[in-house]
Amino acid sequence: MKKATTAFVSAALAGLVAAAPSNTIRQASNCEQYGSVQTGPYTVYNNLWNESAATSGSQCFSVTGLVNNVLSWATTWTWVGGAGQVKSYANAVVSLTATQIGSISSLSSSWTWDYQGSNLIADVAYDLFTSSSPTGDEEFELMVWLAAIGGAGPISSTYDAQGNPTPIGTATIAGTTWSVYKGPNGQMTVYSFVAPSQVTNFSGDLKDFYAWLVSNDGFSESQYLISAGAGTEAFEGTDAVFTTSAYSLVIS
Numbered sequence: 055m056k057k058a059t060t061a062f063v064s065a066a067l068a069g070l071v072a073a074a075p076s077n078t079i080r081q082a083s084n085c086e087q088y089g090s091v092q093t094g095p096y097t098v099y100n101n102l103w104n105e106s107a108a109t110s111g112s113q114c115f116s117v118t119g120l121v122n123n124v125l126s127w128a129t130t131w132t133w134v135g136g137a138g139q140v141k142s143y144a145n146a147v148v149s150l151t152a153t154q155i156g157s158i159s160s161l162s163s164s165w166t167w168d169y170q171g172s173n174l175i176a177d178v179a180y181d182l183f184t185s186s187s188p189t190g191d192e193e194f195e196l197m198v199w200l201a202a203i204g205g206a207g208p209i210s211s212t213y214d215a216q217g218n219p220t221p222i223g224t225a226t227i228a229g230t231t232w233s234v235y236k237g238p239n240g241q242m243t244v245y246s247f248v249a250p251s252q253v254t255n256f257s258g259d260l261k262d263f264y265a266w267l268v269s270n271d272g273f274s275e276s277q278y279l280i281s282a283g284a285g286t287e288a289f290e291g292t293d294a295v296f297t298t299s300a301y302s303l304v305i306s
């Protein structure tokens, strides 16, 4: 399942990733529908883009720290009703300059997280967008699902007799064998790499996922990376607490 497009963060920088203080801690919280908090090279968004689909519920987030460009943040939510629909995508987006995939050496990232709550339906995923021009609309979306909780599933063009999405292949990257799905979302083509079980401590190079698409599905390295986020899509559940204790994304 998919959200509407998240807000982009784009700035002209002296490098692909903004510089930030080497040791800073900032605490802030926000419960606004499209609230955001900027800390160092990251902006965290509440992004309750489809809250009207729920019969009741709410969500807040907090940014709890930044040490040597490693971010910690959390979101709490309860959503009731609107079965099968994403209500929100709380996520951290790194500042970047639009750059062609073929000109990026690495998208090195680490992410340690935890999820608590009752009857949760949610996913935990990276979300990257590319376009054929540095200022163009999103054409391709790459999602890397570290967790599919409570029956949450990716966008797909094909489904089996039981209604489950069917993959176009598998990819072994960063020590995990991912099922790869492909499908449309509006004007975009969405690729989703879904882990077979929860990966609560990820460390790897997101460029490897693009390399797989180039080799196996004809993805063009001339596409520009225009946004790179990481967070959780919330469908339904009660007293959810999603905690990121350490997150970093370095583009070089």
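For the sequence shown, the numbering used here assigns the number 55 to the initial residue and increments by one for each residue that follows. Even glycine gets a Cβ: it sits at the ideal position worked out from N, Cα and C.
Own chain, CB closer than 6 Å to residue i, minus 5 neighbours either side, in chain order
{"i": "T243", "result": "F194"}
{"i": "S162", "result": "D259, V304"}
{"i": "S350", "result": "Since the first and last residues shown for the chain are 55 and 306, residue 350 lies out of range."}
{"i": "Q154", "result": "S276, Y278"}
{"i": "F183", "result": "E192, E195, I280, S281"}
{"i": "T111", "result": "Residue 111 is actually Gly in this sequence, not Thr. T132, W133, V134, listed in sequence order."}
{"i": "Y264", "result": "I155"}
Start and end residues, beta strand (DSSP E) containing residue i
{"i": "K261", "result": "Counting along the chain, K261 falls outside any beta strand (DSSP E), though it belongs to the alpha helix (DSSP H) covering 261-271."}
{"i": "K236", "result": "230-239"}
{"i": "Y213", "result": "Counting along the chain, Y213 falls outside any beta strand (DSSP E), and DSSP gives it neither H nor E."}
{"i": "Y245", "result": "242-248"}
{"i": "A107", "result": "Run containing A107: none; DSSP gives neither H nor E here."}
{"i": "V134", "result": "124-134"}
{"i": "A152", "result": "Careful: A152 lies outside any beta strand (DSSP E) and carries neither H nor E."}
{"i": "K145", "result": "In the sequence as presented, Lys is not what sits at residue 145; that position holds Asn. Where N145 is concerned, the enclosing beta strand (DSSP E) stretches over 142-148."}
Identity of the residue in the options nearest residue i by Cα
{"i": "P221", "options": "W232, A215, W127, I227", "result": "W232"}
{"i": "E86", "options": "P95, L102, T97", "result": "L102"}
{"i": "A107", "options": "S251, W127, T132, S90", "result": "T132"}
{"i": "A137", "options": "F296, A300, S299, G291", "result": "G291"}
{"i": "G223", "options": "Q113, S269, V148, N122", "result": "S269"}
Neighbourhood of residue i by C-beta distance below 7 Å, restricted to the same chain and skipping five residues each side
{"i": "I158", "result": "K261, L279, I305"}
Discussion item. With three or more beta-carbon pairs closer than 8 Å as the criterion, would you say the segment 163-172 touches the segment 136-144?
Written reply: no
Worksheet item: Counting Cβ pairs closer than 8 Å, one from the segment 177-187 and one from the segment 283-303, do we hit at least three?
Response: yes
Discussion item. Quick check on the DSSP output: what are the complete beta strand (DSSP E) runs of length 3 or more inside the segment 157-212, in order along the chain?
Written reply: 161-185, 194-203
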